[in-house]
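Novice: This is the structure I have questions about; it appears just below.
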Amino acid sequence: FIGRLLDVIDKEDLKNTTFIYFASDHGGFLEAHRGDSQLGGWNGIYKGGKGMGGWEGGIRVPGIFRWPGVLPAGTVIDEPTSLMDIYPTVVQLAGGTVPQDRVMDGHTLLPLLRGTEQHSRHEFLFHYCGVFLHAVRWHQRDSGTIWKAHYATPVFQPEASGACFRRGICPCFGDGVTHHDPPLLFNLSRDPSEANPLSADTEPL
Numbered sequence: 001f002i003g004r005l006l007d008v009i010d011k012e013d014l015k016n017t018t019f020i021y022f023a024s025d026h027g028g029f030l031e032a033h034r035g036d037s038q039l040g041g042w043n044g045i046y047k048g049g050k051g052m053g054g055w056e057g058g059i060r061v062p063g064i065f066r067w068p069g070v071l072p073a074g075t076v077i078d079e080p081t082s083l084m085d086i087y088p089t090v091v092q093l094a095g096g097t098v099p100q101d102r103v104m105d106g107h108t109l110l111p112l113l114r115g116t117e118q119h120s121r122h123e124f125l126f127h128y129c130g131v132f133l134h135a136v137r138w139h140q141r142d143s144g145t146i147w148k149a150h151y152a153t154p155v156f157q158p159e160a161s162g163a164c165f166r167r168g169i170c171p172c173f174g175d176g177v178t179h180h181d182p183p184l185l186f187n188l189s190r191d192p193s194e195a196n197p198l199s200a201d202t203e204p205l
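Rendered as structure tokens:
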């Protein structure tokens, strides 16, 4: 489908005046199935999947851009952004301004894409499951390190399966989650798989 869409844009001679951003709204839906066949895909090294609040497998997705004349082909930007950034980015591209009478959670991506800024404007990203805050990500600007704290995580069924196969999708609250106090803390820059929560002996002072 994406290829056909790009072919039409190119055929209509719109390639050099069209900004394209392709992304997914979540990682693989691990519990998806048809009959006895699992359809949920694979999230690589990342734990979890769709509907799991904060695990990287559910929230970390690629953003693929095409912007001829501005963004060179093959450019890699390794910075955390958000789908909430689409709105302010498109508004700025169109020459408008975002509303000033409210707090906007998204930030324009244009400085990152143009190379005028090297880091995402998101110092914090909050990861919700429904209305429940499950995790918070902190992008430490001075070092570039990305930390994440999990306040609640889904109870996988079966245990250690990496998903909630017996429920169909992981719940956001109740007996389907484990609450962590203190929260589970991960250094995503060193441990993107979220395999080794930091202990009191290893977490930063």
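The sequence shown begins at 1 in UniProt numbering and counts up by one. C-beta atoms are modelled at their ideal positions from N, C-alpha and C, and glycine is treated no differently. Every value quoted in this text rests on a predicted model; they were computed, and no experiment measured them.
1. Excluding the 5 residues preceding and the 5 following L185 in the sequence, name in chain order all residues of the same chain whose CB lies nearer than 7 Å to its CB.
2. Please say whether H127 and T153 have beta carbons closer to each other than 8 Å?
3. Can you tell me where the beta strand (DSSP E) with D181 in it begins and where it stops?
4. Could you tell me if E31 is buried or exposed, where buried requires 16 or more neighbouring beta carbons within 10 angstroms of its beta carbon?
5. Using 8 Å as the threshold, is the region 6–25 in touch with the region 51–71, meaning 3 or more CB pairs across them?
6. In three-state DSSP terms, what is Q38?
7. With DSSP as the reference, label P154 as helix, strand or coil.
8. Which of helix, strand or coil does DSSP assign to L133?
9. Do the region 39–56 and the region 157–167 meet, that is, are 3 or more Cβ pairs less than 8 Å apart?
10. Okay, do the region 134–142 and the region 95–115 touch, 3+ Cβ pairs below 8 Å being the bar?
11. What number of angstroms, rounded off, separates the C-alpha of T81 from the C-alpha of G3?
12. By how many angstroms is the C-alpha of Y151 removed from the C-alpha of P182?
13. Just to confirm my understanding: we take Q157, look at its own chain, exclude 5 residues before and 5 after, and list those with CB closer than 7 Å. What are they?
14. Exposed or buried, which one is K11 when buried takes at least 16 other CB atoms within 10 Å?
15. In whole angstroms, what is the alpha-carbon distance linking E28 and C170?
16. In whole angstroms, give me the CA-to-CA distance for L83 and D201.
17. Helix, strand or coil, according to DSSP, for K148 in the structure here?
18. DSSP state of Y21, grouped into three classes?
19. Looking at the secondary structure, which residues open and close the alpha helix (DSSP H) in which G57 lies?
20. Considering just the uninterrupted stretch of the alpha helix (DSSP H) at R167, what are its terminal residues?
21. When you compare only the Cα positions, how much space is there between T17 and P68?
22. Label H33 either buried or exposed according to how many other C-beta atoms from any shown protein chain fall within 10 Å of its C-beta, with 16 as the threshold for buried.
Specialist: Reading off the structure:
1. Cβ contact annotation for L185 (same chain, cutoff 7 Å, sequence separation greater than five): W147, A149, P197, L198 and E203, in chain order.
2. Contact annotation: T153 and H127 have beta-carbon atoms that are not nearer than 8 Å.
3. Counting along the chain, the unbroken beta strand (DSSP E) around D181 starts and ends at V177 to N187.
4. In the assembly as shown, E31 is a buried residue. Its beta-carbon has 16 or more other beta-carbons within 10 Å.
5. Between the region 6–25 and the region 51–71, the count of C-beta pairs closer than 8 Å reaches three or more; the two stretches touch.
6. In the three-state scheme derived from DSSP, where H, G and I count as helix and E and B as strand, Q38 is classed as strand.
7. Here P154 sits in strand by DSSP.
8. Here L133 sits in strand by DSSP.
9. Result yes; three or more Cβ-Cβ pairs closer than 8 Å.
10. Contact fails: fewer than three Cβ-Cβ distances are below 8 Å.
11. A straight line joining the alpha-carbon of T81 with that of G3 spans about 25 Å.
12. Looking at the two C-alpha atoms, the distance is approximately 8 Å.
13. Only C164, F165, R166 and R167 meet the Cβ criterion.
14. With fewer than 16 other Cβ atoms within 10 Å, it is exposed.
15. The displayed chain sequence assigns Gly, not Glu, to residue 28. Spanning the two alpha carbons is a distance of roughly 13 Å.
16. As the crow flies, the alpha-carbon of L83 is around 36 Å from that of D201.
17. Strand.
18. Per DSSP, reduced to three states, the secondary structure at Y21 is strand.
19. Counting along the chain, G57 sits inside the alpha helix (DSSP H) bounded by residues E56 to I59.
20. Taken as a continuous stretch (DSSP letters only), R167 belongs to no alpha helix (DSSP H), as it is neither H nor E.
21. The straight-line gap separating the alpha-carbon atoms of T17 and P68 is approximately 8 Å.
22. When all chains shown are included, H33 counts as exposed.
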